[in-house]
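Asks: Supplied in structure tokens, the structure appears directly below.
Numbering (the working numbering), first residue to last: 14 to 1238.
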């Protein structure tokens, strides 16, 4: 915390100085203050707030300064608040904000003049100790006026009161001069008079002399005098001591000293020296900082404005001044700029002068990179030397450096310069040569630039080391044409010459070139061809090279003669393999082809080659074939040779098909007559035939046929395959063999399978009806005939020798008898055999029947009968097993000695539902014969359908009106059923029509009042005695809250507003008019969930008209309150009103009428509402209710109020009456 210095000044100009307490909250009294100055700056203050009549100032350090009674303006008017520190003085303007907070804006006050009314409110020193004490206004200056006030500016302290020298005595009044020791300045800007004042004896003559000017005045009756010296009538500039001569009425004279007056009205001199030596400022001078200086009055302030920037300084004792401007404060460019200098002396006299300087901080230089017709230096240009050119400011000196050589030149009047360089100063090659130029203009400004110029004095040309893939041009390459390749400078023109033929091409972007030479331009043969290449680039530079390429376009090949020694390949040679030979160019690859076989070989150093072929390479047969040899030398040149050679490697032999009578099977009869084998061979060939181990050698005739006979004794009897082999040898010694077989079959067999006719050799009725198939075995391919009981069928014989014969249904006579099966077989070779076996026929079964009595008495199985089990009975052949079926279930039972049988099916084997179940009974005898009977029985174990309509009302909620009208439930049920419906303790029988639609109605008495969920149980019994039940739920809501009035607003004309206690349900208002009609008054209706429902009536409802306020809930229940608005009302026009029967009046409100007297009985209460037999009456102690036959029944609390309860009659009719209402029983 710290103390805060302050000055307060009241309306009379009296000031009080002080410091605040060093506490978190310090108070300064400002009740009578007009002006308050605090030794603070705006940055010291965090906020301002009004607290009552006080101003709370919160400082940054958290301290609070309270200006007590700052807003008490009764005696002072609005107060002025100032902040002052280090000679600064700002006024604080406060504007109201919320919560007492104030918005502060600050307006600095200029106190730089000769005098200000707030000079004595300013804090100067840093420690904020004391302010300057200066005169306030003229009355406090002893009449010195503005001139006297100016003393405060220069720091003089004015002394109020005074004394002075001079004579006098006796009892005379001694005159005085106010502030005789003060010094007052008068400047050129001073406009008010110089005032000297004092006191003296009234009527005294006062002469005040200022320099050469004297003013004479008379002391006024109040003992004061004032002498005014107009500024227009003052002595010349100088320092003057005023003298005062006073002569009182008694003649007493006084000579007094007056205040000093210093007059200075001359503006101070000011001059600007030449800037930077020549009033020209260049770039270097700007970079170093521009110094502006001059001369003036010592001690005077100097303000220099240059380039929009102001500098202030003070003229030194030697009369000089100087200010500096940095490089950032002086704009670059070429222009003229004005310097304005203003000087002010200590009296505020000012003078101004201007000075113009030229600014030039720029120069320029460029380089033109064009040499000749382009921007490159070619070999020719390098050889001749070049001249570089550019531009600069006219007259500038330009130093041009190229290739390390500098030339100094001067830009001409048009700003152009040029510098020449010799060929020896330009290096050859391909590179970018840098060029720089530095220009210095006549103002000393410099500028530089640099660039580069491409130098290209050379080019290249080359021939690729490998041409045509291997530096040899072969015949195929020459035929297709040859492309020579190499490299040169990209874009260069290249002339390529091969054996006197020249093609000119252009190198691509990568410097590659290619020249195509046609086949006709390449002479054939074997030689070295000369190639020359000359390249010329875009700048005309050239380069050349030479080379050679080998040309080889020929080769040779030959076959030996004769081939294979005799130009013939026999079987032995073919089997042993064959070597073919020949000649070719040494090292050549030779492809030798014999028929379809190919061998590739290489000629040796002597040019000889051999190609070996395997026997598999030579196709058998007798034919001529070609041998071809194709040679390819190392350069791909080819040559071919070919020759014919004869091939004879084979003979032939054959064995005829269809031996032994044409079927290749020798049966017994054929074997008895002997056998001749036949075939074919090459004419004249010797043929060796082997059969049964015996060989016969015969010769093929001219037609190539041969035959070999065998006798009966050489043939072994039986059934087997006999091998035959034949070998033929032709005249050339080639041999060929073949083999074959001859089937020898001189016997056959047949058999009958055991266990025929289903495996028991007995044909039953089912088998006979299905057809009986008999089976056995015979030699494959045999023909088989089967005979049973005189009936013959041809059997089918399978490939494996099994046979089967079908005796179709009816083929065998029915009955029970024994017979035999006879089979005869003839095999494919004509051999025969036979066989026989026994067979029994039995096609007669027993009897079976179902009982003719109805099942379960009525041939209908219901749920109860199903649960007890169902018995099925009948008769059958004694001792046979009877299989009984009921639906999908089956059971077995044995017929007793009397042929009776019975079996019971449990409930688990009987389905549920409504359907017709099949009944079957079947038997099987020992032979497998069957008999069966069938019937059906009805199954009905359920009540289907049984449904109930889901909604008993449109919304499935029974309200009071629907309850009174009766609640009907309906649905569907199986036709012929009965339906009983139970709700609570009440059961009603439904009506069921012929289609099965049922319905039942519950009266008002059957359904209790209230809000609950009712459950209806529906039980149905069908004609078969089956039962089924289901339930249906629905809501009952017969209750509705009372239509309770919260407030009623009446005017002199009647009721204008009504408001309910809540807005839970929908409310409506009707009028009961005195003429017996009902009305619906026009009203605006406002529903508020908190305040209830408000009705504002368009026209006031007059006295004598009663209101009915009705409440309707969401399910349609309605409750009404009858509001009586007629004082002294009776039953007439209220309870007896003709329209009252349209409402359910559960409440009677008498609060808005006085002295109501009503008489009620049981029928009156019941007639008021169909909701219940209860009526609630609200009223006051001036209302009377007469209840005939009523009985008191205690009390009840409703909404925190006590009501008396009365009953009347025997069925619960109830009257609930506000305890304030008088009730007469």
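Don't be surprised by glycine CBs; every beta carbon is placed ideally from N, CA and C. As the structure is a prediction and not an experimental result, all values here were calculated from the model.
Are there 16 or more other CB atoms within 10 angstroms of the CB of residue 154, so buried, or fewer, so exposed?
Replies: Working through the chain shown from its first residue, we reach residue 154 at position 141. Caution applies to residue 154, whose pLDDT of 28 falls short of 50 and renders its modelled position unreliable; the model cannot decide the point.
Asks: Three or more C-beta pairs under 8 Å: does that hold for the stretch 498–507 against the stretch 470–478?
Replies: Counting Cβ pairs under 8 Å, three or more are found: they touch.
Asks: Below 8 Å on the Cβ atoms is my guess for residue 644 versus residue 601; work out the distance and round it to an integer in Å.
Replies: Position 631 of the chain shown, counted from the first residue, corresponds to residue 644. Position 588 of the chain shown, counted from the first residue, corresponds to residue 601. Going by Cβ atoms, the distance from residue 644 to residue 601 rounds to 4 Å, so yes, they are a contact pair.
Asks: I need the DSSP call for residue 297, collapsed to helix, strand or coil.
Replies: Here residue 297 corresponds to residue number 284 of the chain shown, with the count starting at 1. Three-state DSSP puts residue 297 in a helix.
Asks: Beta-carbon within less than 8 Å of residue 178's beta-carbon, same chain only, minus the 5 sequence neighbours each way: which residues are those?
Replies: Locating residue 178 in the chain shown gives position 165, where the first residue counts as 1. Annotation note: pLDDT 35 at residue 178 (below 50); position unreliable, coordinate value reported separately. Excluding residues within five positions, the ones whose Cβ falls inside 8 Å are 268, 269, 270.
Asks: Is residue 148 helix, strand or coil by DSSP?
Replies: One-based indexing of the chain shown puts residue 148 at position 135. With a pLDDT of 31 at residue 148, under the threshold of 50, the modelled position of this residue cannot be trusted; read the value that follows with caution. Correct three-state label for residue 148: coil.
Asks: Give a yes or no on whether the C-beta atoms belonging to residue 283 and residue 356 are separated by under 8 Å.
Replies: Taking the chain shown and counting its residues from 1, the one referred to as residue 283 is at position 270. Taking the chain shown and counting its residues from 1, the one referred to as residue 356 is at position 343. Cβ atoms of residue 283 and residue 356: closer than 8 Å.
Asks: Does the Cβ of residue 557 have 16 or more other Cβ atoms within 10 Å, making it buried, or fewer, making it exposed?
Replies: Your numbering for residue 557 matches position 544 in the chain shown. It counts as exposed.
Asks: Ignore the nearest five residues each way along the sequence and tell me which others in residue 124's own chain have a CB closer than 7 Å to its CB.
Replies: The residue given as residue 124 occupies position 111 in the chain shown. Cβ neighbours of residue 124 beyond the five flanking positions: 102, 131, 132, 135.
Asks: Distance, Cα to Cα, residue 1169 vs residue 1143?
Replies: Within the chain shown, residue 1169 is the residue found at index 1156, counting from 1. Within the chain shown, residue 1143 is the residue found at index 1130, counting from 1. Roughly 6 Å separates the two Cα atoms.
Asks: Please identify the residue among 793, 1010, 879, 803 whose C-alpha is closest to the C-alpha of residue 810.
Replies: Taking the chain shown and counting its residues from 1, the one referred to as residue 810 is at position 797. If we check each option's Cα against that of residue 810, 793 comes out closest.
Asks: For residue 222, I'd like the list of residues in its chain whose CB is within less than 7 Å of its CB, leaving aside the five on either flank, ordered along the chain.
Replies: Within the chain shown, residue 222 is the residue found at index 209, counting from 1. Around residue 222: 255, 256.
Asks: Using a Cβ-Cβ cut-off of 7 Å (strictly less than) and excluding sequence neighbours within five positions of residue 139, which residues of its own chain qualify?
Replies: Taking the chain shown and counting its residues from 1, the one referred to as residue 139 is at position 126. Any reading at residue 139 must be qualified, since the residue scores a pLDDT of 38, below 50, and its modelled position is unreliable; the value itself is stated next. Here the set comprises 99.
Asks: Quick check: what's the CA-CA separation for residue 1074 versus residue 107?
Replies: By 1-based counting over the chain shown, the position of residue 1074 is 1061. By 1-based counting over the chain shown, the position of residue 107 is 94. About 53 Å.
Asks: Residues bridged to residue 936 by DSSP?
Replies: Your numbering for residue 936 matches position 923 in the chain shown. Residue 936 is bridged to 944.
Asks: Whole angstroms are fine: how far does the CA of residue 1175 sit from the CA of residue 1222?
Replies: Translated into positions along the chain shown, residue 1222 becomes position 1209. Translated into positions along the chain shown, residue 1175 becomes position 1162. In a straight line, the C-alpha of residue 1222 is about 7 Å away from that of residue 1175.
Asks: Sorted by chain position, which residues of the same chain lie with C-beta nearer than 7 Å to residue 286's C-beta, five sequence neighbours on each side aside?
Replies: On the chain shown, residue 286 is found 273 positions in, with the first residue counted as 1. For residue 286, where only same-chain residues beyond five positions count, the Cβ hits under 7 Å are 306, 307.
Asks: Go through its chain and collect everything with a Cβ distance to residue 937's Cβ below 6 Å, but skip five positions before and after it.
Replies: The count along the chain shown starts at 1 and reaches residue 937 at position 924. Closer than 6 Å at Cβ, skipping near neighbours: 943.
Asks: From the DSSP output, in three-state form, read off residue 1217 for me.
Replies: Here residue 1217 corresponds to residue number 1204 of the chain shown, with the count starting at 1. Strand at residue 1217.
Asks: Where residue 1247 and residue 908 are concerned, what is the direct C-alpha to C-alpha distance, given to the nearest angstrom?
Replies: No information on residue 1247 is available, as it lies outside the stretch 14 to 1238 that the chain covers here.
Asks: Bridge partners of residue 904, per DSSP?
Replies: Position 891 of the chain shown holds residue 904. Answer is 897.
Asks: Could you pull the start and end residues of the alpha helix (DSSP H) that residue 854 belongs to?
Replies: On the chain shown, residue 854 is found 841 positions in, with the first residue counted as 1. Note, residue 854: premise wrong, no alpha helix (DSSP H); beta strand (DSSP E) at 845–855.
Asks: With distance defined between alpha-carbon atoms, name the residue in 686, 922, 843 nearest to residue 758.
Replies: Position 745 of the chain shown, counting from 1, holds the residue named residue 758. When only C-alpha atoms are compared, the closest one is 843.
Asks: On the DSSP letters alone, give me the boundaries of the alpha helix (DSSP H) that residue 1125 sits inside.
Replies: Counting from 1 along the chain shown, the entry for residue 1125 is found at position 1112. Looking at the DSSP string, residue 1125 is not in any alpha helix (DSSP H); the run it does join, the beta strand (DSSP E), is 1119–1125.
Asks: Find out if the Cβ-Cβ distance for the pair residue 555, residue 561 is shorter than 8 Å.
Replies: For this step, residue 555 is matched to residue 542 along the chain shown. For this step, residue 561 is matched to residue 548 along the chain shown. No, Cβ-Cβ distance for residue 555 and residue 561 is not below 8 Å.
Asks: Should the stretch 700–713 be regarded as contacting the stretch 737–752, the criterion being three or more beta carbon pairs within less than 8 Å?
Replies: Output reads yes: the stretch 737–752 touches the stretch 700–713.
Asks: From residue 596 to residue 612, what does the alpha carbon distance come to, in whole angstroms?
Replies: Translated into positions along the chain shown, residue 596 becomes position 583. Translated into positions along the chain shown, residue 612 becomes position 599. Answer to the nearest angstrom: the Cα atoms are 15 Å apart.
Asks: How many Å lie between residue 160 and residue 249 at the Cα?
Replies: Locating residue 160 in the chain shown gives position 147, counting from the first residue. Locating residue 249 in the chain shown gives position 236, counting from the first residue. Bear in mind that a pLDDT of 30 at residue 160, under 50, signals an unreliable position, so the number given afterwards is only what the model happens to contain. One C-alpha to the other measures close to 16 Å.
Asks: Quick test of your reading: residue 926 and residue 952, contact by CB under 8 Å. State the CB separation rounded to the nearest angstrom.
Replies: The residue labelled residue 926 in the question sits at position 913 within the chain shown. The residue labelled residue 952 in the question sits at position 939 within the chain shown. With a Cβ gap of about 7 Å, residue 926 and residue 952 count as contacting.
Asks: Roughly how many angstroms lie between the CA atoms of residue 28 and residue 193, to the nearest whole one?
Replies: In the chain shown, residue 28 corresponds to position 15, counting from 1. In the chain shown, residue 193 corresponds to position 180, counting from 1. Computed Cα separation, rounded: 23 Å.
Asks: Enumerated in chain order, which unbroken segments of the beta strand (DSSP E) with a length of 3 residues or greater are wholly contained in the stretch 1024–1077?
Replies: Entirely contained in the stretch 1024–1077, the beta strand (DSSP E) runs reaching 3 residues are, in chain order, 1024–1034, 1040–1050, 1058–1064, 1067–1073.
Asks: According to DSSP, what are the bridge partners of residue 699?
Replies: Here residue 699 corresponds to residue number 686 of the chain shown, with the count starting at 1. Its beta-bridge partners are 712, 742.
Asks: Note down, in chain order, each residue of its chain lying with its Cβ closer than 8 Å to the Cβ of residue 73, except the 5 sequence neighbours on either side.
Replies: By one-based count along the chain shown, residue 73 stands at place 60. So the list reads 56, 57, 58, 59, once near-sequence residues are dropped.
Asks: Counting only the same chain and skipping the five closest in sequence on each side, list residues whose C-beta sits under 7 Å from that of residue 149.
Replies: Counting from 1 along the chain shown, the entry for residue 149 is found at position 136. Caution is warranted here: a pLDDT of 28 is assigned to residue 149, below 50, making its placement in the model unreliable, and the coordinate value is therefore given only provisionally. Closer than 7 Å at the Cβ level, and outside the excluded window around residue 149, lie 26, 130, 133.
Asks: To which residues does DSSP link residue 7 through a beta bridge?
Replies: Only positions 14 to 1238 of the chain appear in the structure, and residue 7 is not among them; the question remains open.
Asks: Looking at the structure shown, is residue 1147 part of a helix, part of a strand, or coil, going by DSSP?
Replies: Counting from one through the chain shown, the residue named residue 1147 turns up at place 1134. It is coil, neither helix nor strand.
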